[in-house]
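Here's the structure, in structure tokens; my notes come after.
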Amino acid sequence: MAIQLETERLLLEQFSEDDAHYLLELNSDPDVTKYVGSGPYENMDEVLDFIRNYDQYEKYGQGRLNMFDKQTGEYIGWCGLKYIEDKNYSDLGYRLLKRHWGKGYATEAAIACLDYGFKVLNLDKIIGTAMKENTASINVFKKLGLKYSHDSDCGEQPGVVYVITREDWK
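Just so we're on the same page, this note's numbering is the position in the sequence shown counted from 1, plus 4.
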């Protein structure tokens, strides 16, 4: 069953090959990828390879989801949960096109993803990681009710880990 979430302003849908150009645009902006561990995609083939091999939906019933404006259909970015198998937790993440920063989309989409994680998947906890310099992302964690847990590397950079449990979620 395909994962699709809806908020007041957004539709969140699984990655598809038809949407590959959006991911290429998103990851081609150095401001967008400044605080992520991986660099930009080199070309469309790399994006398509990523989408074809993305197994989060089938294996874990969760994954990053493309965000679209419900009114216009415009691509916003992605948000979603990602199961980190070797650490046995689900990670909340989001990445938005720069023109959509500061409009509350990350928070709105993340609320839907947290609801899905706790109410549908019955997860006990969800974590968020960010580079220490990424104050915008950390502020979203705080708005959502995630609490600081500990410092940890984020990619190759100093980072922080925030956590929220099912009991602490609405």
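Even for Gly, the Cβ is constructed at its ideal location relative to N, Cα and C.
A contact is defined here as three or more CB-CB pairs under 8 Å, and the region 14-24 meets this definition with respect to the region 42-55.
In this structure, the CA atom of residue 33 is about 18 Å from the CA atom of residue 134. In the displayed model, residue 6 falls within coil according to three-state DSSP, outside both helix and strand. A direct Cα-to-Cα measurement between residue 40 and residue 131 gives close to 16 Å. At the C-beta level, residue 14 and residue 86 stay beyond 8 Å of one another.
Residue 42 is classed as exposed because its beta carbon has fewer than 16 other beta carbons within 10 Å across all chains shown. DSSP places residue 28 inside the alpha helix (DSSP H), whose first and last residues are 24-31.
Our two residues, residue 127 and residue 147, have alpha carbons roughly 20 Å apart in a direct line. Cβ-Cβ distances below 7 Å link residue 51 to 24, 27, 28 and 45 in the same chain, with the five nearest sequence neighbours on each side left out; the list follows chain order. Under the three-state reduction of DSSP output, residue 13 falls in the coil class, being neither helix nor strand.
Beyond the five residues adjoining it in sequence on each side, residue 111 comes within less than 7 Å, by CB distance, of 144, 147 and 148 in the same chain, given in chain order.
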